[in-house]
Amino acid sequence: MLVLGYGNQTPHQSIQKGYIALNAIQRRHTRVSSGNSLSVSRFTPPDDFKLTVLTLELEFVKKGTKSEQIDAVALSSQLKKRFINQVMTAGHRVSFEYLGTNYIFTVNQAVRSEESSSVERGMISSETYFIFEAPSGNGIKIVNQRSATTSNIFKYKEFNLQSLGVGGLGAEFADIFRRAFASRVFPAHVTNKLGIKHVKGMLVYGPPGTGKTLMACQIGKMLNGKDPKIVNGPEVLSKFVGETEKNVRDLFADAENDQRLPGDESELHVTIFDEIDAICKSRGSTRDGTGVHDSIVNQLLTKDLIDEALLRPGRLEVQIEISLPDENGRIQILQIHTNKMKESSFLAPDVNLQALAARTKNYSGAELEGVVKSAVSFALNGQLSLDDLTKPVDEESIKVTMDDFLRALHEIVPAFGASTDDLERCRLHGMVDCGD
2 MLVLGYGNQT PHQSIQKGYI ALNAIQRRHT RVSSGNSLSV SRFTPPDDFK LTVLTLELEF
62 VKKGTKSEQI DAVALSSQLK KRFINQVMTA GHRVSFEYLG TNYIFTVNQA VRSEESSSVE
122 RGMISSETYF IFEAPSGNGI KIVNQRSATT SNIFKYKEFN LQSLGVGGLG AEFADIFRRA
182 FASRVFPAHV TNKLGIKHVK GMLVYGPPGT GKTLMACQIG KMLNGKDPKI VNGPEVLSKF
242 VGETEKNVRD LFADAENDQR LPGDESELHV TIFDEIDAIC KSRGSTRDGT GVHDSIVNQL
302 LTKDLIDEAL LRPGRLEVQI EISLPDENGR IQILQIHTNK MKESSFLAPD VNLQALAART
362 KNYSGAELEG VVKSAVSFAL NGQLSLDDLT KPVDEESIKV TMDDFLRALH EIVPAFGAST
422 DDLERCRLHG MVDCGD
């Protein structure tokens, strides 16, 4: 596909009306010769077509060119002005001149706020953030990169937690962002003048199945940096016996090496400890005779990361409770888990998610997902014949109905809270029998 620039651009006077002019590089890549006839059509970009992040790999046009130092902020400004409103696609190669030297950039990543297709493509806008990369040994050194991507701690300029499969946790995420990430959005010189240090550790706690691990993993994926490391507490405990301290140190080795080399320009590293209470009990509280628990806690403390010392400021100082979802949260969670069946017309018109949300008080996110799976099993089972399991299934007749969901509510019951029916039996005629 040939994508040309658009906007209020004046064509060159030598180009006749109805003709398109391509330079030598464009002709070579599109395999078009002078005088060829092409079919073209106008492309109207959708509202979400603007790029939020553009990662470019730089190289010299002429191999063997002497080494050059490139200021990321200055280059970002020039490229933004020169290529404003231009469409960029992953793999796209573009030649350009900068301070008298000819370069080529290759688009390694093109990220929009909401990806609507599998193709990484979008339009450069005044708000696009540029990230520059240069393979070692090619003579190009990128400086001032961190300032160029100051507001680029997140991969997307804006995002929807619900689209990431996280429902009902908007308020909790707002607290996490304010306390752990807001300071990282501002340039380093601003935070230095304020005399503050970034939060390095966070504890997310609450009942099982409420989305703690899911939220932590999705936040890790949203951040511009290394893929998050996920460490399961019980597995870690057995794995660390015999070489506890070394294995804890290894978890942080990559991050520490990165910090030593590029310093403040190093990528963000995220380590997620799932079920950390299994390995971080208060020191001296376990009587296994091995001292494994205590040595793990001591080693984590040296890494500035559950005993009370881990919860002090500078360690796991941000503590966020993830509670059972309220009714609005339950609606969001049910929408997430029924979205695909609704798009595929498998969800019957009589399904009322708001009514289901009202009837599922005390259900965790995991339990609501279980309700949806149970309802689907009832719907699918109704299409099968136990007398002949080889009988073809009519996909068009598959519908998950409200009745399937109501049956599922009797099968999947919440682990927390009282059963309404049991409660009613305890207060006959509105009175609770408390004895004589």
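Per my numbering, the sequence shown starts with residue 2, numbered consecutively.
Cβ coordinates follow ideal geometry from the N, Cα and C atoms, glycine included.
As the structure is a prediction and not an experimental result, all values here were calculated from the model.
Notebook entry, point to check: In chain order, what residues of the same chain lie with their CB nearer than 6 Å to the CB of A256, ignoring the 5 residues before and after it?
Noted result: Cβ within range, chain order: H270.
Checklist line | DSSP beta-bridge partners of Y130 | finding: Y130 pairs with V54.
Check: Looking only at C-alpha atoms, which of G138, F133, S137 and S34 sits nearest to N145?
Finding: When C-alpha distances from N145 are compared across G138, F133, S137 and S34, the shortest belongs to F133.
Next item on the list: Name the two residues that bound the continuous beta strand (DSSP E) containing M403.
Entry: Premise fails: M403 lies in the alpha helix (DSSP H), M403 to E412, not in any beta strand (DSSP E).
Check: V200 and E318 look like a contact to me (Cβ under 8 Å); what is the Cβ gap, rounded to whole Å?
Finding: With 8 Å as the limit, V200 and E318 qualify as a contact, their Cβ atoms being about 6 Å apart.
Note to self: If contact is defined by three or more beta carbon pairs under 8 Å, each pair taking one atom from either stretch, is the region 424-434 in contact with the region 364-379?
What the structure shows: Three or more Cβ pairs closer than 8 Å define a contact, and the region 364-379 falls short of that threshold against the region 424-434.
Check: Near M403, which residues of its chain fall below 6 Å by C-beta distance, leaving aside the five closest residues on each side in sequence?
Finding: The residues are D351 and V352.
Margin query: By the three-class DSSP mapping on this structure, what secondary structure does K362 have?
Written below: Here K362 sits in coil by DSSP.
Notebook entry, point to check: Three or more beta-carbon pairs under 8 Å between the region 26-43 and the region 57-73, yes or no?
Noted result: Output reads no: the region 57-73 does not touch the region 26-43.
Notebook entry, point to check: From K392 to G383, what does the alpha carbon distance come to, in whole angstroms?
Noted result: K392 and G383 have their C-alpha atoms some 13 Å from each other.
Check: So what's G371 in DSSP terms, helix, strand or just coil?
Finding: DSSP, read as helix, strand or coil, puts G371 in helix.
Item checked: Euclidean distance between Cα positions of S117 and A91 -> The predicted position of S117 is uncertain, since its pLDDT is 47 and thus under 50; a value taken from the coordinates is nonetheless stated next. Taking the straight line joining both Cα atoms gives about 15 Å.
Notebook entry, point to check: Who pairs with V319 in a beta bridge, going by DSSP?
Noted result: V319 pairs with M203.
Check: What are the start and end residues of the alpha helix (DSSP H) that includes D176?
Finding: In the DSSP assignment, D176 falls within the alpha helix (DSSP H) that extends over G171 to I177.
Check: Roughly how many angstroms separate the alpha carbons of V433 and G169, rounded to a whole number?
Finding: The straight-line gap from Cα to Cα measures roughly 34 Å.
Notebook entry, point to check: Where does H93 land, buried or exposed, given buried means 16+ other C-beta within 10 angstroms?
Noted result: H93 is classed as buried because its beta carbon has at least 16 other beta carbons within 10 Å across all chains shown.
Next item on the list: Pick out the complete beta strand (DSSP E) segments inside the region 21-87, 3 residues or longer, and give them in chain order.
Entry: Assignment of beta strand (DSSP E) within the region 21-87, counting only whole runs of 3 or more residues, yields 52-61 and 69-72 in chain order.
Note to self: Tell me the rounded alpha-carbon separation between V41 and I21.
What the structure shows: For the pair V41 and I21, the Cα-to-Cα distance works out to about 10 Å.
Note to self: Using 8 Å as the threshold, is the C-beta distance between P326 and I337 below it?
What the structure shows: Not in contact: P326 and I337 (Cβ atoms no closer than 8 Å).
Next item on the list: Have a look at I273 and A25 and give me their C-alpha separation to the nearest angstrom.
Entry: When only Cα atoms are considered, I273 and A25 end up about 50 Å apart.
Next item on the list: Figure out for me which residue from P46, N363 and G207 has the closest Cα to the Cα of H320.
Entry: According to the sequence provided, residue 320 is Gln. The question's His does not apply to it. Answer by Cα proximity: G207.
Next item on the list: For M124, I'd like the list of residues in its chain whose CB is within less than 8 Å of its CB, leaving aside the five on either flank, ordered along the chain.
Entry: Cβ neighbours of M124 beyond the five flanking positions: P46, F50, K51, L52, N86, Q87, V88 and M89.
Notebook entry, point to check: Can you list, in chain order, the residues of its chain whose CB lies under 6 Å from that of V95, leaving out five sequence neighbours each side?
Noted result: Excluding five sequence positions before and after V95, the CB atoms of its chain that fall closer than 6 Å to its own CB belong to F106, given in chain order.
Next item on the list: Give every residue of the same chain whose Cβ lies closer than 7 Å to the Cβ of Q79, excluding the five residues on either side of it in the sequence, and list them in chain order.
Entry: Excluding the 5 residues flanking it on each side, Q79 has same chain C-beta neighbours closer than 7 Å at Y99, in chain order.
Notebook entry, point to check: With 16 other CB atoms within 10 Å as the buried threshold, where does I197 fall?
Noted result: Label assigned to I197: exposed.
Checklist line | Contacts around G436, its chain only, beta-carbon distance under 6 Å, and the 5 residues preceding and following it disregarded | finding: Contacts found: none.
Notebook entry, point to check: Just the Cα atoms here: how many angstroms apart are L439 and F406?
Noted result: Any answer about residue 439 is impossible in this case: the structure gives the chain only from 2 up to 437.
Check: Exposed or buried, F182, counting other C-beta atoms within 10 Å across all chains shown (16 or more means buried)?
Finding: Counting every other CB atom within 10 Å of its CB across the protein chains shown gives F182 a total of 16 or more, marking it as buried.
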